[in-house]
Amino acid sequence: MTEVGESPGEDFAPYSTSMMETSLKMSAIADLGNPICNALVLKGGRMLIMHEAKIDGDSIYLSILCSRVPTGVQTLIKKIVACLSRALTGNE
Numbered sequence: 001m002t003e004v005g006e007s008p009g010e011d012f013a014p015y016s017t018s019m020m021e022t023s024l025k026m027s028a029i030a031d032l033g034n035p036i037c038n039a040l041v042l043k044g045g046r047m048l049i050m051h052e053a054k055i056d057g058d059s060i061y062l063s064i065l066c067s068r069v070p071t072g073v074q075t076l077i078k079k080i081v082a083c084l085s086r087a088l089t090g091n092e
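In structure tokens:
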């Protein structure tokens, strides 16, 4: 997946379908239920939220580029990665 300029733009459109399908498969395998949306945390503190909706039987894919990730999300991700790193490598 690539990011184009300040917004995903038309170059992003082909990826929306595959991103939603991947999340549906992952949710089904893990028995997590149907996802409401997908979110990608991007470099620079931004987040891309994607949602699939049905209108008259047709799928539409919404992509919302947030200028800031909600407070604490990036810190939480870094803490989880650090914890996994310690567990897997034994390094403190």
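Numbering (the UniProt record's numbering), first residue to last: 1 to 92.
All C-beta atoms in this analysis are idealised placements derived from N, C-alpha and C, irrespective of residue type, glycine included.
query	result
In or out: LYS79 buried (at least 16 other Cβ within 10 Å) or exposed?	exposed
Do VAL69 and MET47 have their C-beta atoms closer together than 9 Å?	yes
Work out the CA separation of ASN91 and SER59 for me, nearest whole Å.	47 Å
Counting only runs of 3+ residues fully inside the region 39-87, write out the beta strand (DSSP E) ranges in chain order.	46-55 and 58-66
Among the candidates LEU24, ILE29 and VAL73, whose CA atom is the shortest distance from the CA of PRO35?	LEU24
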